[in-house]
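To keep things clear, I will list the structure first and then write my remarks on it.
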Amino acid sequence: MDSSRGPAEPVAIIGLSCKFSGEATTPEKLWQLVVNGRDGWKPVPKSRFNVDAFYDKNHAKTGMSNVVGGHFLEEDVARFDASFFNFTAEIANAMDPQIRLLLESVFETSENAGVPLQKLAGSDTSVFVGSFSRDYHDSLLRDPDTLPRTTLTGNGVAMMSNRISHFFDLRGPSLTTDTGCSSSLVALHLAVNSIRNGESRMAIVGASNLLLNPDPFIIMSSLGVLGPDGRCFAWDNRANGYGRGE
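Counting with UniProt numbering, you get residues 1 to 246 for the letters of the sequence shown.
So, in structure tokens, the structure goes:
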């Protein structure tokens, strides 16, 4: 531990990248989305699942969802330049799309920061990722006969962060945290502490949440936490539940 670093020493954010619903694919577009008071709600895309087969407005049937939409990314999350990241098609297809998006976002973040990837390679840079969505993994398990042999290395919780560390040759701490909705903020907290405690001189913080199958919608509807219109109205008298988003 570097004792010269005080517990309250400021930590600078030097680069960032993002992909949100509402076509907010850059920090600038996200800011415009917020200041204009818009959201990225849309019906569940057909490419995800057939929402009509799982929708019951009154939630009178078990195994059904009471919402028909959420806040989904506009881009095709199945698209990925596997060769750029040195993955075979087999490995890439078995990999959780959340990991693919994180790898792309880290590359974009390094460009945004003006830090060459060659400079990061071999450094003690740490990686902290927050995530609690396992939709792709759960979907793969539905058909054991076609289960890819690299399912574990492509979908393990630890791989969310470890794949980043491995590809970019980052040798600091590397871990994924699941604390529910606070996962991304807890990852940020751990990254700041890692820098202040002298474990790493730089840290990468990421988070991902893709909505790929109906199961979480059904489970959350059963609990009664989803708003029927699929939107969030925090600190608003219209608040009637939680709206899921990517």
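Heads up, the beta-carbon is just placed ideally off N, CA and C, and yes, glycines get one too.
query                                                                                                                                                                             : result
Our contact map puts P45 next to D135 with C-beta atoms below 8 Å; I'd like the distance itself, whole angstroms only.                                                            : Contact doesn't hold; Cβ gap of about 13 Å is too wide.
Can you name, in chain order, every residue of its own chain whose Cβ lies under 7 Å from the Cβ of F80, other than the five neighbours on each side?                             : A92 and R100
Assuming S208 and G172 form a contact by the criterion Cβ under 8 Å, report the distance between their Cβ atoms to the nearest whole angstrom.                                    : 20 Å between Cβ atoms; not a contact.
Might you give, ordered along the chain, the residues of its own chain that have their beta carbon closer than 7 Å to the beta carbon of P27, omitting 5 neighbours on each side? : L16 and C18
Would you call the region 225-245 in contact with the region 67-82, where contact means no fewer than 3 C-beta pairs closer than 8 Å?                                             : yes
Pull the bridge partners of C232 from the DSSP assignment, please.                                                                                                                : Answer by DSSP bridge pairing: none, since C232 is not bridged.
Hey, how far is the Cα of D169 from the Cα of I219?                                                                                                                               : 38 Å
Between M175 and S161, which are expected to be in contact by the criterion C-beta below 8 Å, what is the C-beta distance as a whole number of angstroms?                         : The residue asked about is misnamed: residue 175 is Leu in this sequence, not Met. Indeed, because the Cβ distance is near 6 Å, the residues count as touching under 8 Å.
Where V157 and V35 are concerned, what is the direct C-alpha to C-alpha distance, given to the nearest angstrom?                                                                  : 34 Å
Sorted by chain position, which residues of the same chain lie with C-beta nearer than 8 Å to G105's C-beta, five sequence neighbours on each side aside?                         : Contrary to the premise, residue 105 reads as Ser rather than Gly in this sequence. So the qualifying residues of the chain are S17, C18, K19 and G206.
With 16 other CB atoms within 10 Å as the buried threshold, where does P10 fall?                                                                                                  : exposed
Comparing C-alpha positions only, which one of F107, K29 and L147 sits nearest to K119?                                                                                           : F107
What's the gap between the Cα of S123 and the Cα of N193?                                                                                                                         : 18 Å
Go through its chain and collect everything with a Cβ distance to R48's Cβ below 7 Å, but skip five positions before and after it.                                                : L211 and L212
Output yes or no for whether 9 Å exceeds the beta carbon distance between S165 and V127.                                                                                          : yes
Would the beta-carbon of T25 fall within 9 Å of that of M95?                                                                                                                      : no
By the three-class DSSP mapping on this structure, what secondary structure does E11 have?                                                                                        : Per the sequence shown, residue 11 should be read as Val rather than Glu. Three-state DSSP puts V11 in coil, outside helix and strand.
What residue from V186, V225, L226 and A113 has the CA that sits closest to I14's CA?                                                                                             : A113
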